[in-house]
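Heads up: the structure comes next, in structure tokens.
2 protein chains.
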Amino acid sequence: MPKLGMEPIRRAALVKATIDEIGAAGTLDITVSRIAKRAGMSSALAHHYFGGKDQIFLAAMRHTLTVYGAEVRGALAMADDNVSRLQAIIRAGFTNSNFRREVIAAWLNFYVLAQSSSEAQRLLMIYQRRLHSNLVYNLRPLVGDRADIVAERIAGLIDGLYLRHGLDQNGDAGMDAAEHVLALLQAELRETT
Amino acid sequence: MPKLGMEPIRRAALVKATIDEIGAAGTLDITVSRIAKRAGMSSALAHHYFGGKDQIFLAAMRHTLTVYGAEVRGALAMADDNVSRLQAIIRAGFTNSNFRREVIAAWLNFYVLAQSSSEAQRLLMIYQRRLHSNLVYNLRPLVGDRADIVAERIAGLIDGLYLRHGLDQNGDAGMDAAEHVLALLQAELRETT
DNA sequence: TTCTTTATTGACTCGTCAATCAAGAAAAAG
DNA sequence: CTTTTTCTTGATTGACGAGTCAATAAAGAA
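So the sequence lines, in the order shown, correspond to chains A and B.
Position 170 (the first sequence) corresponds to 1362 in this note's numbering; numbering is contiguous.
Position 181 (the second sequence) corresponds to 1373 in this note's numbering; numbering is contiguous.
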């Protein structure tokens, strides 16, 4: 049965299964066996391709970040002024692909993991810095010196709403949350006018 | 050596040790033995008094909530108008006792736990509802119908900054974070004037 | 065909940890 | 001075899970 070039397929399946499993369990305390079973293979194969549990988690995290990054870049490309770029950045965090229960659960757990794994912390910092500089860059022309403060405030609210809605069993809270942050943005812009 | 009335002392020591251990490890993935050792007793004794690991966690969580609740009530008692009550509520979340690394780590992990333990979820809901209703109650006279939205926004920002500063190794970020939320409050009040 | 590379797994090892238990030690009660 | 109650732990059990390994199987290369 072994066809060649299975590696990328297996890796992708494992990454997806990892996020789903974290979402289903709501914790990082899941076994390699369960991940592997969900991805349709033996646990030995998971070890074979990733080397260990930690590296499976980190790969899942990198994937989540990559998807998110791509979504932001795509949305930015379609906006032509600062305000719509800001709106695009905010909305990107709440797209269907990013605001699913499993993904939120994964994010939450990655925040926790970042407290004990320096690699996880590194990745999270990359996300935070990217978000912050994207916001500041587009806020500067609109709110001047307050850009930094406002960016911090918006980023904080995004993370906070993420955290809170991770618990909601409510399905369509994504829109609400996004609108919430957009409203804050508008208020901040008004404040400087 | 056994003196009488050890139970409350042992329980308190275990609760404190649990929070410290979570803070030190940055994860809920800690052993009963380590908690017990930190509290100066054998793991068997921890089981004797609490029955099981889960219940130790929940007790630690209840304690954290209790301390926080007391702090809010105390601060509220000393404020006599809506604005200073709101400021007191906000500041309470960032006191030295609540904004210590270990406590933040504990909160974060409790959020994670709430995804799989319904008792943890229940406790977290109590905290969220209490915060929300405290905010709304004092905001209503100041911002009218917007009270609900503003409360959500402030609560979201509090949680978000908490989350973000859980990672900072920066020690004195507590003040910064509190000032941040207070500034948002001022902006919201101005918005309605 | 024979050899090598890639894919794959079941079985096994080794460690860890939650939970239990029987037994000891000290205070208080009788 | 016994007995009972409260407190305490070392040792043990039983389960579970990460990681390893030897063995199998297919596909291509020689």
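In this text, a Cβ means the ideal position worked out from N, Cα and C, and glycines have one as well.
A quick note: this is a predicted structure, and the numbers were derived from the prediction, not measured.
Check	Outcome
Option nearest residue 1284 of chain A by Cα separation, candidates A/1209, A/1371 and A/1379	A/1371
Cβ-based neighbour list, residue 1381 of chain B, same chain, cut-off 8 Å, excluding 5 preceding and 5 following	1275, 1334 and 1335
Neighbour flag for residue 1282 of chain A against chain B, beta carbons, 8 Å	no
Residue-level contact to chain A via CB, residue 1358 of chain B, 8 Å cutoff	yes
Delimiting residues of the alpha helix (DSSP H) encompassing residue 1274 of chain B	1274-1284
Cutoff 8 Å: residue 1381 of chain A Cβ touching any chain B Cβ	no
Short CB-CB distance (under 8 Å) between residue 1306 of chain B and chain A	yes
Among A/1383, A/1384, A/1379 and A/1374, the one whose alpha carbon lies nearest that of residue 1280 of chain A	A/1374
Nonlocal neighbours in the same chain, by C-beta distance under 8 Å from residue 1347 of chain A, ignoring five residues either side	1320, 1323, 1324 and 1327
Residue 1196 of chain B burial status per 10 Å Cβ neighbour count (16 or more: buried)	exposed
Beta-carbon gap between residue 1215 of chain A and residue 1312 of chain A smaller than 8 Å	no
Members of the region 1332-1346 of chain B that neighbour chain A once the beta carbon cut-off is set at 8 Å	1341, 1344 and 1345
Neighbourhood of residue 1268 of chain A by C-beta, 8 Å cutoff - its chain only, sequence neighbours within 5 removed	1277, 1280, 1281 and 1326
Length of the line joining the Cα atoms of residue 1329 of chain B and residue 1264 of chain B	14 Å
Cβ contact check for the region 1221-1235 of chain A and the region 1288-1296 of chain A: 3 or more pairs under 8 Å	no
Below-8 Å beta-carbon distance, residue 1348 of chain A vs any chain B residue	yes
Per-residue contacts from residue 1301 of chain A into chain B (C-beta, under 7 Å)	1304
Exposure label - residue 1288 of chain A; buried when at least 16 CB within 10 Å	exposed
Under 8 Å between C-beta atoms of residue 1358 of chain B and residue 1307 of chain A	yes
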